[in-house]
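This report concerns only the one structure given below.
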Amino acid sequence: MTHKILVLPGDGIGPEIMAEATKVLKLLQQEYGLSIEMEQALVGGSAYDATGTPLPDATLSLAKDSDAILLGAVGGTQWENLDIAVRPEKGLLGLRAGLGLFSNLRPAILYPQLADASTLKADVVSGLDIMIVRELTGGIYFGQPRGVRTLDSGEKQGYNTLIYKESEIERIGHSAFEIAQKRDKRVCSVDKANVLECTELWREVMIRVAKDYPDVELSHMYVDNAAMQLVRAPKQFDVMVTTNMFGDILSDCAAMLTGSIGMLPSASLNEKSQGMYEPIHGSAPDIAGKGVANPLATILSVAMMLRYTLNEKQLADKIESAVNNVLDKNLRTADIMSEGMTNVSTEAMGTAVVEELQNK
Ligand code: NAD
34 MTHKILVLPG
44 DGIGPEIMAE
54 ATKVLKLLQQ
64 EYGLSIEMEQ
74 ALVGGSAYDA
84 TGTPLPDATL
94 SLAKDSDAIL
104 LGAVGGTQWE
114 NLDIAVRPEK
124 GLLGLRAGLG
134 LFSNLRPAIL
144 YPQLADASTL
154 KADVVSGLDI
164 MIVRELTGGI
174 YFGQPRGVRT
184 LDSGEKQGYN
194 TLIYKESEIE
204 RIGHSAFEIA
214 QKRDKRVCSV
224 DKANVLECTE
234 LWREVMIRVA
244 KDYPDVELSH
254 MYVDNAAMQL
264 VRAPKQFDVM
274 VTTNMFGDIL
284 SDCAAMLTGS
294 IGMLPSASLN
304 EKSQGMYEPI
314 HGSAPDIAGK
324 GVANPLATIL
334 SVAMMLRYTL
344 NEKQLADKIE
354 SAVNNVLDKN
364 LRTADIMSEG
374 MTNVSTEAMG
384 TAVVEELQNK
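Quick note on our numbering: the sequence shown kicks off at 34 and runs consecutively.
So this is what it looks like as structure tokens:
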């Protein structure tokens, strides 16, 4: 079966890091028999400049027609003053909504070789491997009613609505439990059930979903405690599943435990396991065009794509171990550079991963 992959380099460092990720995909195609068809399209600021919209219809229809999307990053200072409806980020939101990507997978992995990059003590974070599963299309970010109204007193009042249907909680629950089955078989559901009725329902539904996965252990934690535990003893977690807003905050906190934004991939999946894969970082306009960006987060996004959409677990493992070997050889881009290591360019890092894969 041939998998269709849509490549969206985007803006800033996007094209540079994407060139390295597609080098890896081509190698897998040539030497490991991976059957893929790759197409490329515009998204974000570059799409706006070329077509007047950050998500051209052609891009959305190619995205809907592909098995997986590999995205670089979007955005940049030159587009910051545009009307909000056509800002580069709208391209991403349009893809998420258009494909119904409700399950956001954010791993926080700290390679032992980079333990010094974290602001936490090396023994607290070295070898960290957590997966945060964030609900992405519901909750307070989308709930109605919302807005700012003027009260009879003349004072303004802002309001948003935290809202989840059972079916929305069930599907993100299944997503988390299925992932846990491929890992250490532990799910921690994060809520605020002591204060918010909506997350009381969240907890109830998670307990129900857990019955379908007797091999996976379910625990619950209030979000305030979860934030504390993430910085106190993060290695206690395997999979964490939570609402859109709690996941937004906790996943950024978990990412920062690793101290290396250029190393972290992410995935957003829909019910058909169609997915959009992208590094967690942005378009880094400050270093764009200099050939110094770290391409490993994008290369590791390819590994996630192989694992979660293309069902090529062995190839995913191969990429992850190639990245590990490259770090063992002391190669570092500027963002993860430390004393005694060899500083390499974006392109040299991509080539080093490709060579590791060739040596297998
Ligand atoms: P950023 O992630 O782009 O950059 C933050 C810092 O990390 C910068 O110093 C940057 O140089 C560095 N950095 C990021 N990725 C790196 C990499 N691969 N290698 C080395 N260093 C790296 O965040 P920002 O500066 O807040 O945002 C810049 C632009 O990106 C904005 O327009 C923002 O809206 C956009 N953005 C896009 C996404 C996305 O496409 N998913 C996510 C976040 C931000």
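Glycine included, every Cβ here is placed at the ideal spot set by N, Cα and C. Since we're looking at a predicted model, the values are computed, not measured.
Which class does residue i belong to by DSSP, given the choice of helix, strand or coil?
i	result
Q73	strand
N137	strand
P267	helix
Q177	coil
A226	coil
N363	coil
T275	strand
G124	helix
I196	coil
D258	Inspection of the sequence shows that residue 258 is occupied by Asn rather than by Asp. Looking at N258 - three-state DSSP - the assignment turns out to be helix.
I46	coil
S284	helix
R204	helix
E53	helix
K59	helix
N392	coil
G187	coil
V356	helix
V220	strand
T35	coil
E250	strand
L41	strand
Is it buried or exposed, residue i, if we count other Cβ atoms within 10 angstroms and call 16 or more buried?
i	result
S123	Residue identity check: residue 123 is Lys in the sequence provided, not Ser. With 16 or more other Cβ atoms within 10 Å, it is buried.
R179	exposed
Q63	exposed
A83	exposed
A14	In the structure displayed, the chain extends from 34 to 393; residue 14 sits before or after that span and is not available.
V228	exposed
M51	buried
L251	buried
M273	buried
N363	exposed
N392	exposed
L126	exposed
A336	buried
M382	buried
S68	exposed
Expressed to the nearest angstrom, what Euclidean distance is found between the alpha-carbon atoms of residue i and residue j?
i	j	result
V394	K56	For the chain, the structure presents residues 34 to 393; residue 394 sits outside this window and is missing.
L93	M34	23 Å
L161	F270	9 Å
M338	D116	33 Å
A150	L184	50 Å
V157	V264	9 Å
I320	G43	15 Å
Y341	M296	18 Å
G133	G308	10 Å
E211	S306	12 Å
S334	G191	38 Å
I352	E388	11 Å
L58	L39	12 Å
I163	A118	35 Å
S79	E168	29 Å
A349	V181	47 Å
Q214	L283	22 Å
R216	K97	29 Å
E380	A101	24 Å
A54	Y81	24 Å
G45	L75	13 Å
L128	E230	31 Å
K198	E304	16 Å
M278	Y174	7 Å
G19	I196	Because the chain is modelled from 34 through 393, residue 19 falls outside the range shown and cannot be assessed.
W235	D224	7 Å
M254	G206	15 Å
K154	S186	52 Å
P318	G131	27 Å
P87	N344	31 Å
F135	S299	13 Å
May I have a chain-ordered list of the beta strand (DSSP E) segments no shorter than 3 residues that lie completely inside the region 139–174? 162–168
For the structure I just gave you, are there three or more beta carbon pairs, one from the region 234–241 and one from the region 195–204, closer than 8 Å? yes
Could you name each continuous alpha helix (DSSP H) segment of 4 residues or more that falls completely within the region 294–344, going from the start of the chain to the end? 329–341
Would the region 291–299 count as touching the region 136–155 if we require 3 or more Cβ pairs under 8 Å? yes
Counting Cβ pairs, one atom from each stretch, are 3 or more of them under 8 Å apart for the region 362–376 and the region 84–104? no
Quick check on the DSSP output: what are the complete alpha helix (DSSP H) runs of length 4 or more inside the region 80–125, in order along the chain? 90–97
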